[in-house]
Each structure stands twice: as structure tokens, then as C-alpha cells.
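Notes to accompany the following structure.
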Amino acid sequence: MRRPLLLGLAALVLTTGAALAEPKANQLFGAKATASPHKPHAIGTYAKGCAAGLVQLPESGPTWQAMRLSRNRNWGHPEAISFIQRLSAFAAGQPGWAGLYIGDISQPRGGPMLSGHQSHQIGLDIDIWMLPPKSLRLSRGQRESISSVSVRSGDQRRVSSAWTPQHAAILKQAARDPAVDRVFVTAPAKIEMCKTARAADRDWMQKIRPIYGHNYHFHVRLKCPAGSRGCQTQTPTVAELSKGGNGCDDTLMWWVTDYLDPPKTRPQKPAEPAPRKRGARDYVMADLPQACQTVLSAR
Ligand SMILES: [Zn+2]
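Counted the way mature numbering (1 follows the signal peptide of the UniProt record, and there is no 0) counts, the sequence shown spans residues -21 to -1, 1 to 278.
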């Protein structure tokens, strides 16, 4: 008499387990080895989306090499691939630079990733190493093992000795590119660039955005390409809209002052532990635009 009850319980446990184990979108997209057979299309937002018809950046080109090939994250919208071609050609004209080492772009079908980034989901975010390439003939093994350099000092307040005028020139060239929405980089790099900025540099300089990290690489975010219906470019922040400035201001200096040494405030009672914010690695397919299901399942 007891056996059916036990079996029933086991079945209940199994069903509940199955419901809990709804696959995460990052596992589904992370398992795709190739692009979807569609026209190129960025879908959704940089941090919640996917991409159809992405193109693989050739692992080595005349002025670039893709790094960490084992990750299979060198897939981008064709606009991203052509941007890399033109910025790396510019970099190759800089003394000491053979071109650019390219870090993560997106997975073959974009989408959330198993590790790392919240963004990089729609084929329009590109990480570029701060390490000036001496050689563009690195083996696959070397591309796994060598490290980039940090352009930020150990105390995080200024640039390190690895920073060069060529870094500034390449960042400026990236920001001046009409396809670029913004460039994320460690604050000391922008502070350095602000020292020589002129009033006329406002339009591109405001695209250089200070952020935590981003001292071993900078991150270029492209605008949604024409025709990518459903792709959402970010809205400018209030400061960008109202001040019309270039961001060489107190909001920039905050990163090397109050951000590092938060002003002392009155002791407060211990706060409740904040609930963990739901991020890209928690998403299931229902969180993404519906078209991402088509992108995922296409053969
Ligand atoms: Zn990035």
C-alpha cells in the first residue's frame, strides 16, 4: 500500500524539479556554435536581447587579431565588423601599434552569456585591449595566455605608465566615428584626454564615458544600425542632454574622489541586506524579445 504513495511523491518531486529547472537563456544561447541564418538584425537592448545573422570577425586580419578564441565571442553585426576594420586600420598608423587586439564582441547568436558581461547581447558591443599589439601573428595558444595592460595606476586615481598619447588618439578616433554611440573607459583615461580637449571637441568627447573597471580594455558601443527594428539605442543621460557639455567636469572627477573615498556620514543602523538584483544570467527566454526564440531555434 505504501509503494503507490511513494511513487506519487516521487512523481510530484520530479515535476516540481522540472518546473524549477526552466533553462536559463544564457545556457541556451551559450550552446549555439554558429550564427542564425537570417539577415543581420540586432534585437532588443544591449543588456537584454539577441542578434540574428551575426558575422564572425576573422580571427586575424591585416590590422587586428581576435583574442581568447576559445570563448567563441568574436561574432558581431556587420556594422561592428566594419567598425573594427576601420578603427584597427587607424591604430596601425600609430607608432608602436601593429593594429588592435579585439576582446569579446558577442556569442554567435548574441544573447546573455554564461560568464562576464551584462551587455554584449546584440552584436554591437566591442571590447578592445589596451595592450598595443607588437605582433599580429600570435598563435591560438598565445591569444589565450597573454594578458592586457592596465592604463590605470594602482591607486585608481591617474593613468599608469602604460598610458600613451596613442591610446588617446585611438579613443578619440573611436568616439568620432558616426556609428559609435559611446565608449566606456576608466575615468583616469578621460581625465587625461580632457587636459588637451578644446571646446570644439564637445561632440565626440561626451561619447567617452567614465565607468568602473575598463582599465585593461575599453568598450565601444555602436548605435542601432538602420533597419534593426526592435533594437533600442540608449537614451542619453540627463547630464548629457541638459548641460551640452563634454563631461570634463565634476561628474568625471567624482570617480577619482568620492567614488574611491565615500564621504563619511552619520552612523546608520545596519541596512537590510539588499535583494540580489536580477541580471542577465538570470534571464529565461520569456525575458527576452519574442523574436529571440526564432533566432535561437533556427537551423
Ligand atoms: Zn565590454
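Quick reminder that beta carbons are idealized off the backbone N, C-alpha and C, glycines included. The structure presented is a predicted model; accordingly, all values stated were derived computationally and were not measured.
Within 8 Å, strictly: CB atoms of residue i and residue j
i, j, result
"R131", "S124", "no"
"R161", "R122", "no"
"D266", "K27", "yes"
"A(-1)", "H17", "no"
"S98", "Y195", "no"
"S39", "L115", "yes"
"N53", "I84", "yes"
"A14", "R88", "yes"
"K169", "I187", "yes"
"P189", "G23", "no"
"I60", "L93", "no"
"Q86", "F8", "yes"
"Y25", "L117", "no"
"L66", "Q135", "no"
Beta-bridge partners of residue i, as assigned by DSSP
i, result
"L79", "W43"
"I187", "V162"
"L103", "In DSSP, L103 forms no bridge with anything."
"W108", "H196"
"S85", "W54"
"K27", "T24"
"C210", "G23"
"V34", "G55"
"L66", "In the DSSP output, where bridge partners are listed per residue, L66 has none listed."
"L201", "V159"
Contact set for residue i: own chain, Cβ-Cβ below 6 Å, skip 5 residues either direction
i, result
"A68", "T42"
"P19", "G32, H56 and P57"
"N173", "Here residue 173 turns out to be Cys, not Asn, going by the sequence shown. Excluding sequence neighbours, C173 sits near C227."
"A70", "W76, G78, L79 and I149"
"A141", "V128 and V130"
"H96", "none"
"A45", "L36, E38, N53 and I81"
"residue 279", "Beyond the ends of the chain as shown, which are -21 and 278, falls residue 279; an answer cannot be given."
"A270", "I22"
"P112", "A77, G78 and Y80"
Cut-off 7 Å between Cβ atoms - residues of its own chain near residue i, not counting five sequence neighbours on either side
i, result
"W183", "K151, A154 and R155"
"P204", "A21, H56 and E58"
"G206", "none"
"D180", "N225"
"H193", "F163, V164 and T165"
"Q73", "Q145, A148 and I149"
"residue 283", "Because the chain in this structure spans residues -21 to 278, residue 283 falls outside the shown range and cannot be described."
Euclidean distance between Cα positions of residue i and residue j
i, j, result
"Q272", "M264", "7 Å"
"P254", "G78", "44 Å"
"Y191", "A166", "8 Å"
"A259", "R278", "25 Å"
"R137", "D229", "15 Å"
"G209", "G133", "42 Å"
"L275", "A178", "47 Å"
"N51", "V34", "12 Å"
"P241", "Q64", "41 Å"
"I105", "D237", "29 Å"
"P157", "T212", "14 Å"
"K243", "S126", "37 Å"
Beta-carbon proximity list for residue i, same chain, < 8 Å, skipping 5 on both sides
i, result
"Y262", "K3, A4, N5, K27 and P91"
"V159", "F62, A153, K186, V199, R200, L201 and K202"
"L48", "E38, R119, R122 and E123"
"L231", "A166, K169, I170, C173 and P189"
"R257", "none"
"T143", "G75 and P111"
"A176", "M184, N225 and C227"
Practice item. Tell me the start and end of each unbroken alpha helix (DSSP H) in the region 127 to 182 that is at least 4 residues and wholly inside, in chain order. Key: DSSP runs (the alpha helix (DSSP H)) wholly in the region 127 to 182: 144 to 155 and 166 to 173.
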